[in-house]
Each structure stands twice: as C-alpha cells, then as structure tokens.
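Residue numbers (UniProt numbering): 1 to 156.
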C-alpha cells in the first residue's frame with residue numbers, strides 16, 4: 001500500500017502485507033498523515049476497493065477531517081497517478097529481478113522508493129524529482145511569507 005502526495009508525487013508512506021486490507025490501508029494513511037504534521041484541508045483519493053470504503057477507514061478519515069474521493073468504477077484514468085506509479089514500480093523494479101526471499105524483495109522496493117523520491121525526475125513536475133518539487137514549494141512559501149512581513153497588504 002502506498003500513499004502519494006499528488007502535488008509533488010512524493011511517496012509519503014508505503015507498507016507491504018500479504019493482505020491488502022483495511023488495517024494495512026489505515027496504518028499506511030496514518031503514517032503519511034502524521035509525517036506531514038496532521039495537515040488540514042486534505043482530500044484522499046482512491047479506487048472503490050472495500051478497504052477504502054470500509055466504515056473503519058472512513059471513520060479514520062473523518063477523525064482527521066480528511067475528505068474522501070473515489071474514482072469511477074471501471075475507469076482507471078480517474079486514479080491515473082496511482083495507476084502510473086504502480087506500473088512504473090513493476091516495470092522498473094519488480095519485473096526486472098528474481099528475488100530469493102520476501103526480505104530481498106522488500107529491501108529492493110525500499111531502495112526503489114528512495115530513488116523514486118530523491119532521484120527520479122517526472123515530466124509532470126518539469127523533470128524535477130518529488131523531493132526537488134517539495135523543496136521548491138517550501139522555498140516559494142518562505143519567500144512569500146517574508147514578502148508578506150516586509151510589505152503588509154494594508155499598507156499598499
């Protein structure tokens with residue numbers, strides 16, 4: 001299970017399990033949410049799998065004041081970012097190697113996710129990496145905050 005930031009395409013949290021169930025999805029989302037410092041105004045988008053539509057997961061999102069959005073059944077383009085992410089992960093990592101153990105597979109995927117966040121440029125991000133995109137955003141936010149302090153809007 002993976003939670004991506006749609007703006008930066010950064011992998012915020014990832015977990016593996018033999019079962020893709022509500023507990024896995026809830027733990028992965030909660031990890032991502034807490035790593036981001038409990039941000040406000042979030043929208044969580046997914047397909048309509050039972051783990052996402054379960055009462056438990058919906059209540060967790062409600063507890064964190066996160067709105068939920070679903071893709072249209074049978075229309076994978078509604079969730080294109082995640083579909084593309086998993087297609088790339090399979091093509092660039094999973095299908096290229098024979099893994100001797102589950103541990104070796106998990107280590108390989110961990111390394112792939114680090115590469116994805118830190119070194120893999122994305123055309124949708126102007127050929128920046130997810131981490132570069134986030135740094136650019138933080139820099140612009142800091143500059144905007146500084147400008148607001150130097151030039152208060154009511155003095156213009």
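Every residue gets a Cβ at the ideal spot worked out from N, C-alpha and C, and that includes glycine.
In this text the structure is predicted, and so the values were computed from the model without any measurement.
Proximity of residue i and residue j at Cβ, strictly below 8 Å
i	j	result
residue 15	residue 28	yes
residue 66	residue 85	no
residue 93	residue 112	yes
Own chain residues within Cβ distance below 8 Å of residue i, not counting five before or after
i	result
residue 81	4, 6 and 9
residue 54	22
residue 124	9
Nonlocal neighbours in the same chain, by C-beta distance under 6 Å from residue i, ignoring five residues either side
i	result
residue 46	52
residue 105	99
residue 39	none
residue 42	66
Supposed contact pair residue j and residue i - C-beta distance, whole angstroms, cut 8 Å
i	j	result
residue 83	residue 76	5 Å
residue 88	residue 79	Wrong, their Cβ atoms sit about 14 Å apart, outside the cutoff.
residue 68	residue 61	5 Å
residue 13	residue 56	Not quite, the Cβ-Cβ distance comes to about 18 Å (not below 8 Å), so this is no contact.
Residues near residue i by beta carbon distance below 7 Å, same chain, minus five either side
i	result
residue 134	8 and 10
residue 33	64
residue 121	127, 128 and 129
residue 118	129 and 131
residue 97	108
Report task. Report the residue ranges of all alpha helix (DSSP H) runs contained in full by the UniProt domain "Integrase catalytic" (1-138); include only those spanning at least 4 residues, in chain order. Result -> 22-35, 50-53, 55-63, 80-92 and 102-118
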